[in-house]
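Residues in the sequence shown are numbered from 528 upward in steps of one, following the numbering used here.
Even for Gly, the Cβ is constructed at its ideal location relative to N, Cα and C.
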Amino acid sequence: MKLRYSNKKKISYKQLFELYKSVGWATKKDKLPKRKLISKTYKNSQIVISVWDKKELVGAVRALTDKITNGVIFGLVVKPEYQKHGIGEKLVKRCIKKYPKLRWYAGSENSETDKFYREIGLRKDRDLWFYKGKGTI
Ligand SMILES: CC(C)(COP(=O)(O)OP(=O)(O)OC[C@H]1O[C@@H](n2cnc3c(N)ncnc32)[C@H](O)[C@@H]1OP(=O)(O)O)[C@@H](O)C(=O)NCCC(=O)NCCS
Numbered sequence: 528m529k530l531r532y533s534n535k536k537k538i539s540y541k542q543l544f545e546l547y548k549s550v551g552w553a554t555k556k557d558k559l560p561k562r563k564l565i566s567k568t569y570k571n572s573q574i575v576i577s578v579w580d581k582k583e584l585v586g587a588v589r590a591l592t593d594k595i596t597n598g599v600i601f602g603l604v605v606k607p608e609y610q611k612h613g614i615g616e617k618l619v620k621r622c623i624k625k626y627p628k629l630r631w632y633a634g635s636e637n638s639e640t641d642k643f644y645r646e647i648g649l650r651k652d653r654d655l656w657f658y659k660g661k662g663t664i
């Protein structure tokens with residue numbers, strides 16, 4: 528499998544929507560504004576890495592950082608047909624490699640993603656609190 532990794536922040540909203548749909552993060556009921564917002568979350572992030580199989584988007588991640596203390600990883604996703612080939616690990620590690628001295632955080636949604644982060648060498652050491660603004664998607 529020959530894949531291409533890209534740092535370009537602008538990713539077609541259609542491709543991202545297909546990627547999100549493939550893992551159940553979006554559904555065909557989602558209207559155009561929401562589909563476009565998904566791609567804006569990548570465009571607005573400091574670090575964006577996408578993975579391509581020819582012209583097909585098969586994985587992506589985005590991250591934010593103050594470049595001094597902390598970084599946080601969001602939107603990590605790999606198309607199901609491409610999972611378990613080390614792509615998720617590469618995406619996370621490429622983010623960390625940009626600022627390897629920082630404390631990096633990643634949200635986990637379930638015990639499966641817990642296992643994934645543990646496998647790739649992250650540790651779970653404290654609970655994070657969040658405030659959910661009304662405008663979030
Ligand atoms: C989580 C996710 C990004 C992992 O991507 P991936 O490309 O399959 O992961 P990798 O192939 O790099 O796996 C790295 C290691 O974690 C392990 N791993 C991956 N998914 C796992 C799972 N569901 N359960 C247990 N271990 C898992 C792999 O076995 C591998 O270990 P190994 O190298 O010793 O074999 C992918 O499953 C996904 O997109 N899930 C849906 C969206 C999601 O939950 N994103 C996470 C943000 S909350």
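Cβ-Cβ distance between Ala587 and Ile538 below 8 Å | Position 60 of the sequence shown, counting from 1, holds the residue named residue 587. Position 11 of the sequence shown, counting from 1, holds the residue named residue 538. At a Cβ-Cβ threshold of 8 Å, Ala587 and Ile538 count as neighbours.
Measuring CA to CA, which of Val599, Leu559, Lys556, Gln542 is closest to Asp580?
-> Stepping through the sequence shown from its first residue, residue 580 is reached at position 53. Its Cα nearest to that of Asp580, the residue Gln542 stands out among Val599, Leu559, Lys556, Gln542.
Just the Cα atoms here: how many angstroms apart are Lys594 and Ser549?
-> What you label residue 594 is simply residue 67 of the sequence shown in a count that begins at 1. What you label residue 549 is simply residue 22 of the sequence shown in a count that begins at 1. As the crow flies, the alpha-carbon of Lys594 is around 32 Å from that of Ser549.
Between the CA atoms of Gly613 and Thr554 - distance to the nearest angstrom | For this step, residue 554 is matched to residue 27 along the sequence shown. For this step, residue 613 is matched to residue 86 along the sequence shown. When rounded, the distance between both Cα atoms is 26 Å.
Per DSSP, Ser577 forms a beta bridge with which residues?
-> Stepping through the sequence shown from its first residue, residue 577 is reached at position 50. DSSP links Ser577 through a beta bridge to Ser533, Ala587.
With C-beta atoms as the reference, is Ala590 less than 8 Å away from Val578?
-> The sequence position of residue 590 within the sequence shown is 63, counting from 1. The sequence position of residue 578 within the sequence shown is 51, counting from 1. It is not a contact, given that the beta carbons lie outside the stated cut-off.
Please find out if some non-hydrogen atom of ligand 1 comes closer than 7 Å to the beta-carbon of Val605.
-> Here residue 605 corresponds to residue number 78 of the sequence shown, with the count starting at 1. Within the cutoff, so yes.
Going by DSSP, what residues sit across from Phe601 in a beta bridge?
-> Here residue 601 refers to the residue found at position 74 of the sequence shown. Partner residues in the beta bridge of Phe601, as assigned by DSSP, are Arg589.
Is any heavy atom of ligand 1 found at a distance shorter than 7 Å from the C-beta of Ile576?
-> Working through the sequence shown from its first residue, we reach residue 576 at position 49. Every heavy atom of ligand 1 is 7 Å or more from the Cβ of Ile576, so no.
Does any heavy atom of ligand 1 sit closer than 7 Å to the C-beta of Gln610?
-> Sequence index remark: in the sequence shown, residue 610 carries index 83 (1-based). Yes, the Cβ of Gln610 comes within 7 Å of a heavy atom of ligand 1.
Hey, how far is the Cα of Val604 from the Cα of Tyr547?
-> If you number the sequence shown from 1, residue 604 lands on position 77. If you number the sequence shown from 1, residue 547 lands on position 20. Tyr547 has its alpha-carbon roughly 7 Å from the corresponding atom of Val604.
Whole-angstrom distance between Lys628 and Thr592, CA atom to CA atom = Looking up residue 592 in the sequence shown gives position 65. Looking up residue 628 in the sequence shown gives position 101. In this model, Thr592 and Lys628 are separated by some 12 Å (Cα to Cα).
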